[in-house]
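Colleague: Protein chains in written order, with the numbering used here: chain A, 105 to 216; chain B, 456 to 950.
Before we start, here is the structure in question, set down as structure tokens.
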Amino acid sequence: MRAARTLAASGLPACWGRVYAAMRDRPALRRAVVHTGGSLDRMPRAYRWGTAAALAAFPAAFFAATGRGPRRATPEQTRSGLRRLRSVPGYGQVLRATTALALYGALDGGAP
Amino acid sequence: MTRLGRAPRPAAEVDCDALVVGSGAGGSVAALELARAGRSVTVLEEGPRVGTRELAEADPAASMRRLYRNAGATAVFGTPTIAFGEACAVGGTTVVNGGLLWAPPDAVLHRWAARSGYGGNGPAAVAARFDEVRTRLGMTVQGHGDGNRDSRLLAEAAESLGWRWQHPQRAVRGCLHRNQCATGCPTGAKQSTALTYLPQAEAEGARIVPGTRAVRIGHRGRRVRSVEAVEAATGRRVRYRPRTVFLAAGPIGTPVLLRRSGIHTRTAGRRIELHLNLRTIARFPDTVDAARGTMFTAQVHEHSGLGVLVMPSNLTPGGLGAALASRDPRQVDALLAAQDRLAVFTTQVRMQGPAGIVSAVGGSPLLRHGMTRADHHMLRLAFRRTARLLFAAGAVELLPPTGSAGPLRSAADAEAYCARVRPGDWELVSVHATSGCPMARPERGGVCDEAGRVHGWSGLHLCDASVLPGAPGVSPQGTIMSFAHGIVGRHLEAR
Ligand SMILES: Cc1cc2nc3c(=O)[nH]c(=O)nc-3n(C[C@H](O)[C@H](O)[C@H](O)COP(=O)(O)OP(=O)(O)OC[C@H]3O[C@@H](n4cnc5c(N)ncnc54)[C@H](O)[C@@H]3O)c2cc1C
Chain A
105 MRAARTLAAS GLPACWGRVY AAMRDRPALR RAVVHTGGSL DRMPRAYRWG
155 TAAALAAFPA AFFAATGRGP RRATPEQTRS GLRRLRSVPG YGQVLRATTA
205 LALYGALDGG AP
Chain B
456 MTRLGRAPRP AAEVDCDALV VGSGAGGSVA ALELARAGRS VTVLEEGPRV
506 GTRELAEADP AASMRRLYRN AGATAVFGTP TIAFGEACAV GGTTVVNGGL
556 LWAPPDAVLH RWAARSGYGG NGPAAVAARF DEVRTRLGMT VQGHGDGNRD
606 SRLLAEAAES LGWRWQHPQR AVRGCLHRNQ CATGCPTGAK QSTALTYLPQ
656 AEAEGARIVP GTRAVRIGHR GRRVRSVEAV EAATGRRVRY RPRTVFLAAG
706 PIGTPVLLRR SGIHTRTAGR RIELHLNLRT IARFPDTVDA ARGTMFTAQV
756 HEHSGLGVLV MPSNLTPGGL GAALASRDPR QVDALLAAQD RLAVFTTQVR
806 MQGPAGIVSA VGGSPLLRHG MTRADHHMLR LAFRRTARLL FAAGAVELLP
856 PTGSAGPLRS AADAEAYCAR VRPGDWELVS VHATSGCPMA RPERGGVCDE
906 AGRVHGWSGL HLCDASVLPG APGVSPQGTI MSFAHGIVGR HLEAR
């Protein structure tokens with residue numbers, strides 16, 4: 105559950121909830137966070153550290169891309185911020201991997 | 456690979472006759488055959504034992520986290536990064552696989568004999584062992600169920616093009632088409648080794664120890680003396696002192712353990728062969744309801760000579776969402792809203808450039824691959840053929856396996872995509888890895904002989920996907936288990 109806390113603190117789930125219909129309601133977003141965090145907790149240590157570092161940098165990276173914090177951006181700003189970050193080499197991969205886990209968890213996960 | 460520091464003194468020592476490390480496709484065969492021959496067998500398995508009832512009660516996401524190593528996504532770095540999936544549970548990857556059961560093609564066996572310098576795994580010998588596997592697992596030919604419209608469309612398209620297709624052979628008894636193969640069959644229809652070989656081995660006296668990871672093989676000189684293991688729940692270390700070890704920790708686990716133990720550090724895991732999966736999402740003009748039905752019931756073999764197979768894949772809302780993750784959220788929403796008209800197809804391609812374990816970071820193996828230009832070319836060729844097939848199946852739009860690529864609506868679009876796509880653009884998955892410790896003569900880069908005996912060592916046999924001399928080009932479980940029967944049979948004959 106440590107990764108779930110890091111994830112929640114990053115503000116990334118707030119972005120997901122704002123722009124993906126599949127994660128708009130609270131229980132779905134919770135399932136997404138539980139699955140993403142639970143999966144990251146099972147990854148090799150080096151991968152976990154790398155992802156944790158990328159998540160810790162997310163608020164600053166998002167601010168650099170949009171001029172707004174991840175919890176305050178509008179849906180349009182969020183979409184464009186995520187689009188820009190997806191194209192950053194390395195960072196884009198982390199974003200893609202965590203988003204894939206989140207969508208899987210939201211849609212195929214059970215009540216946490 | 457970095458070595459572990461000096462191991463602390465174990466809390467317990469256990470003497471045993473045969474110790475099998477890993478309980479998947481290969482390890483299960485070793486467990487059963489050794490137990491049937493009257494050996495006292497202990498099987499160490501890192502993952503948990505999960506019964507059918509628990510699988511039925513768990514949601515797919517929870518099973519994904521519980522049953523898969525690294526929650527299902529081990530990264531194989533390179534251009535592009537490939538996500539590799541394998542299980543960590545009693546029954547190994549047979550618990551989460553599709554149950555497809557094919558014998559290796561004769562041409563592959565001839566090629567392997569020439570490559571390895573060993574002739575004991577020719578078509579006749581392997582066919583006899585495959586028969587045993589097939590009988591024990593209750594193999595059937597999987598026809599269409601009530602659903603499986605995606606498979607029917609694929610089969611009709613293949614026929615319209617004059618391409619060969621087949622219903623798959625599967626290790627299932629009474630499939631109820633629940634579409635959850637990849638997260639563990641909730642009905643017990645899929646005949647994983649957790650439901651077949653392993654209980655039979657236990658009935659013959661074998662002891663299975665779940666939740667216990669082998670961390671190092673101890674040896675004196677070149678004779679294996681012990682296996683150090685750690686119990687996940689308690690952290691307690693146990694030293695097993697077997698007469699013979701059968702290492703079956705899977706295509707990555709086996710070379711990792713050898714190298715960590717200072718055995719064949721230069722060759723083990725340097726060259727791992729992969730099958731790659733390209734995922735294409737197809738939109739049809741009317742309802743396909745691809746989530747209804749078992750994994751798939753038709754596989755197109757027309758290009759199997761090139762190592763290319765095309766088939767539908769399990770579609771679940773979560774799996775679809777995950778496959779779309781690199782796309783714009785609005786597109787994801789629109790596609791998820793239209794999912795009853797979508798189907799996901801897998802094109803399996805044999806990769807030529809090998810992957811390998813390059814080092815260990817924080818105790819975990821670091822995997823890299825070296826995809827070649829020929830591989831990139833083959834992926835494009837495979838995608839072109841897939842696109843042709845899917846348009847013939849009536850698809851009105853294809854989303855290729857590149858997040859930045861838009862929808863393709865014609866053969867010309869597919870051609871333009873193939874001209875544009877760069878190696879790093881492919882989104883690739885692999886669930887078949889083999890050959891990290893190949894069965895071949897030492898001068899040909901082999902790690903073990905035909906009896907799975909590790910060259911230059913005594914008391915140590917290998918018995919899983921890692922021993923195959925190459926990637927078979929078909930789903931590998933049948934080949935792995937046939938080879939495992941051969942390995943254990945030779946060992947028992949030699950005694
Ligand atoms: C989603 C998916 C679908 C697939 N579908 C098919 C299919 O339909 N047909 C087919 O033929 N193949 C399929 N495969 C592949 C096939 O299942 C594997 O190739 C095969 O199971 C490999 O056999 P193995 O014995 O080498 O390893 P595994 O079956 O993976 O078994 C290795 C076991 O060793 C354990 N282990 C590893 N390290 C240690 C250690 N240090 N100590 C103790 N235990 C350890 C692991 O936890 C694991 O349980 C699929 C794979 C996946 C992921």
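Note that the Cβ used here is the ideal one computed from N, Cα and C, for glycine as well.
Assuming E882 (chain B) and P856 (chain B) form a contact by the criterion Cβ under 8 Å, report the distance between their Cβ atoms to the nearest whole angstrom.
Modeller: If you number the second sequence from 1, residue 882 (chain B) lands on position 427. If you number the second sequence from 1, residue 856 (chain B) lands on position 401. 5 Å between Cβ atoms; contact.
Colleague: Look up Y652 (chain B) in the DSSP assignment and say whether it is helix, strand or coil.
Modeller: Stepping through the second sequence from its first residue, residue 652 (chain B) is reached at position 197. The answer is helix: DSSP assigns Y652 (chain B) an H, G or I state.
Colleague: I think A150 (chain A) touches S819 (chain B), with their Cβ atoms under 8 Å apart; what is that distance to the nearest whole Å?
Modeller: Along the first sequence, read from residue 1 onward, the residue named residue 150 (chain A) stands at position 46. Along the second sequence, read from residue 1 onward, the residue named residue 819 (chain B) stands at position 364. Confirmed, about 7 Å.
Colleague: Tell me the rounded alpha-carbon separation between E659 (chain B) and L489 (chain B).
Modeller: Taking the second sequence and counting its residues from 1, one reaches residue 659 (chain B) at position 204. Taking the second sequence and counting its residues from 1, one reaches residue 489 (chain B) at position 34. Their backbone Cα atoms lie some 9 Å apart in a straight line.
Colleague: Touching or not, the region 565–577 of chain B and the region 896–905 of chain B, by the rule of three or more beta carbon pairs under 8 Å?
Modeller: Because the criterion of three Cβ pairs below 8 Å is met, the region 565–577 of chain B and the region 896–905 of chain B touch.
Colleague: Could you check the C-alpha separation between A848 (chain B) and I537 (chain B) for me, to the nearest Å?
Modeller: Locating residue 848 (chain B) in the second sequence gives position 393, counting from the first residue. Locating residue 537 (chain B) in the second sequence gives position 82, counting from the first residue. Those two C-alpha atoms are separated by around 29 Å.
Colleague: Is R604 (chain B) buried or exposed, if buried means 16 or more other CB atoms sit within 10 Å of its CB?
Modeller: Mapped onto the second sequence, residue 604 (chain B) falls at position 149. Label assigned to R604 (chain B): buried.
Colleague: Cβ of A517 (chain B) less than 8 Å from any chain D Cβ?
Modeller: Although the question refers to chain D, the structure presented lacks it and instead comprises the protein chains A and B.
Colleague: Can a CB atom of chain A be found closer than 8 Å to the CB of R504 (chain B)?
Modeller: Along the second sequence, read from residue 1 onward, the residue named residue 504 (chain B) stands at position 49. Not one chain A Cβ lies under 8 Å of R504 (chain B).
Colleague: Just the Cα atoms here: how many angstroms apart are A582 (chain B) and L770 (chain B)?
Modeller: Taking the second sequence and counting its residues from 1, the one referred to as residue 582 (chain B) is at position 127. Taking the second sequence and counting its residues from 1, the one referred to as residue 770 (chain B) is at position 315. Distance between the alpha carbons of A582 (chain B) and L770 (chain B): 33 Å.
Colleague: Residues of chain A with a CB under 8 Å from the CB of R520 (chain B): which are they?
Modeller: Against the second sequence, residue 520 (chain B) aligns to sequence position 65. The answer, in chain order, is H139, G142, S143, R146.
Colleague: Tell me whether R591 (chain B) is buried or exposed, calling it buried when 16 or more other Cβ atoms sit within 10 Å of its Cβ.
Modeller: Translated into the one-based positions of the second sequence, residue 591 (chain B) becomes position 136. Buried, by the Cβ-count rule.
Colleague: Against chain A, which members of the region 531–542 of chain B pass a CB distance test of less than 7 Å?
Modeller: Of all residues in the region 531–542 of chain B, T536 have a Cβ within less than 7 Å of some Cβ in chain A.
Colleague: Between which two residues does the beta strand (DSSP E) containing D561 (chain B) stretch?
Modeller: Numbered from its first residue, the second sequence carries residue 561 (chain B) at position 106. Not the beta strand (DSSP E): D561 (chain B) falls in the alpha helix (DSSP H), residues 561–571.
Colleague: With a 10 Å radius around its C-beta and 16 neighbouring C-beta atoms as the bar for buried, classify R696 (chain B) as buried or exposed.
Modeller: Locating residue 696 (chain B) in the second sequence gives position 241, counting from the first residue. Exposed, because fewer than 16 other Cβ atoms sit within 10 Å of the Cβ of R696 (chain B).
Colleague: Whole angstroms is fine: what's the gap from A511 (chain B)'s alpha carbon to L631 (chain B)'s?
Modeller: In the second sequence, counting from the first residue as 1, residue 511 (chain B) sits at position 56. In the second sequence, counting from the first residue as 1, residue 631 (chain B) sits at position 176. Between A511 (chain B) and L631 (chain B), the C-alpha separation is close to 13 Å.
Colleague: Applying the 10 Å Cβ sphere with the 16-neighbour rule, what's the burial state of W620 (chain B)?
Modeller: Taking the first residue of the second sequence as position 1, residue 620 (chain B) is located at position 165. Burial call: buried.
Colleague: Following a CB-centred definition, is S478 (chain B) positioned closer than 7 Å to any heavy atom of ligand 1?
Modeller: Your numbering for residue 478 (chain B) matches position 23 in the second sequence. Yes, the beta carbon of S478 (chain B) sits closer than 7 Å to at least one heavy atom of ligand 1.
Colleague: Verify whether the separation of the beta carbon atoms of F167 (chain A) and L189 (chain A) is less than 8 Å.
Modeller: Along the first sequence, read from residue 1 onward, the residue named residue 167 (chain A) stands at position 63. Along the first sequence, read from residue 1 onward, the residue named residue 189 (chain A) stands at position 85. The answer is no: Cβ separation not under 8 Å.
Colleague: Which residue comes first and which comes last in the alpha helix (DSSP H) that contains P216 (chain A)?
Modeller: What you label residue 216 (chain A) is simply residue 112 of the first sequence in a count that begins at 1. From DSSP, P216 (chain A) is part of no alpha helix (DSSP H); its letter is neither H nor E.
Colleague: How many Å lie between R458 (chain B) and R694 (chain B) at the Cα?
Modeller: Taking the first residue of the second sequence as 1, we reach residue 458 (chain B) at position 3. Taking the first residue of the second sequence as 1, we reach residue 694 (chain B) at position 239. Any reading at R458 (chain B) must be qualified, since the residue scores a pLDDT of 44, below 50, and its modelled position is unreliable; no value is offered.
Colleague: Cβ of A473 (chain B) within 8 Å of Cβ of V496 (chain B)?
Modeller: As a position in the second sequence, residue 473 (chain B) is number 18, starting the count at 1. As a position in the second sequence, residue 496 (chain B) is number 41, starting the count at 1. Taking 8 Å as the Cβ cut-off, A473 (chain B) and V496 (chain B) qualify as a contacting pair.
Colleague: Say whether chain A places a C-beta atom closer than 8 Å to the C-beta of L713 (chain B).
Modeller: Working through the second sequence from its first residue, we reach residue 713 (chain B) at position 258. Closer than 8 Å: no.
Colleague: From the DSSP output, which residues share a beta bridge with W620 (chain B)?
Modeller: For the purposes of this step, residue 620 (chain B) is taken as the residue at position 165 of the second sequence. B:V755.
Colleague: Decide yes or no for the touch test of the region 642–652 of chain B against the region 529–548 of chain B: beta carbon pairs closer than 8 Å, at least 3 of them.
Modeller: Touching, yes.
Colleague: Using only alpha-carbon positions, find the residue among B:V886, B:A926, B:L915, B:M519 that is nearest to L713 (chain B).
Modeller: Taking the first residue of the second sequence as position 1, residue 713 (chain B) is located at position 258. Closest by alpha carbon: B:L915.
Colleague: Taking 7 Å as the cut-off, does the CB of V469 (chain B) come closer than this to any heavy atom belonging to ligand 1?
Modeller: As a first step, residue 469 (chain B) must be located in the second sequence, where it is residue number 14. For ligand 1, not one heavy atom lies less than 7 Å from the Cβ of V469 (chain B).
Colleague: Does DSSP put N769 (chain B) in a helix, a strand or coil?
Modeller: As a position in the second sequence, residue 769 (chain B) is number 314, starting the count at 1. It is coil, neither helix nor strand.
Colleague: Which term fits D212 (chain A), buried or exposed, when burial requires 16 or more other beta carbons within 10 angstroms of its beta carbon?
Modeller: Here the question's residue 212 (chain A) lines up with position 108 in the first sequence. Flag for D212 (chain A) reads buried.
Colleague: Is the region 782–791 of chain B touching the region 663–680 of chain B in the sense that three or more CB pairs, one from each, lie closer than 8 Å?
Modeller: Judged by Cβ distances under 8 Å, the region 663–680 of chain B makes no contact with the region 782–791 of chain B, as fewer than three pairs qualify.
Colleague: Return the CA-CA distance between S859 (chain B) and D868 (chain B), expressed in angstroms with no decimal places.
Modeller: As a first step, residue 859 (chain B) is located in the second sequence; it is residue number 404 there, counting from the start. As a first step, residue 868 (chain B) is located in the second sequence; it is residue number 413 there, counting from the start. If I take the Cα positions, the gap works out to 14 Å.
Colleague: How would you write the range of the beta strand (DSSP E) that P697 (chain B) sits in, first residue to last?
Modeller: To locate residue 697 (chain B), count along the second sequence from 1; it is residue 242. Where P697 (chain B) is concerned, the enclosing beta strand (DSSP E) stretches over 692–702.
Colleague: Say yes only if the C-beta of D919 (chain B) is nearer than 7 Å to one or more non-hydrogen atoms of ligand 1, and no if none qualify.
Modeller: Position 464 of the second sequence holds residue 919 (chain B). Yes, Cβ of D919 (chain B) sits closer than 7 Å to a heavy atom of ligand 1.
Colleague: Please list, in chain order, the chain B residues whose beta carbon lies closer than 7 Å to that of A126 (chain A).
Modeller: The count along the first sequence starts at 1 and reaches residue 126 (chain A) at position 22. Neighbours of A126 (chain A) on chain B, chain order: G776, L791.
Colleague: Tell me whether H940 (chain B) counts as near ligand 3, meaning its Cβ is closer than 7 Å to at least one heavy atom of that ligand.
Modeller: Judged by which ligands are present, ligand 3 is missing from the structure shown, whose ligands are ligand 1.
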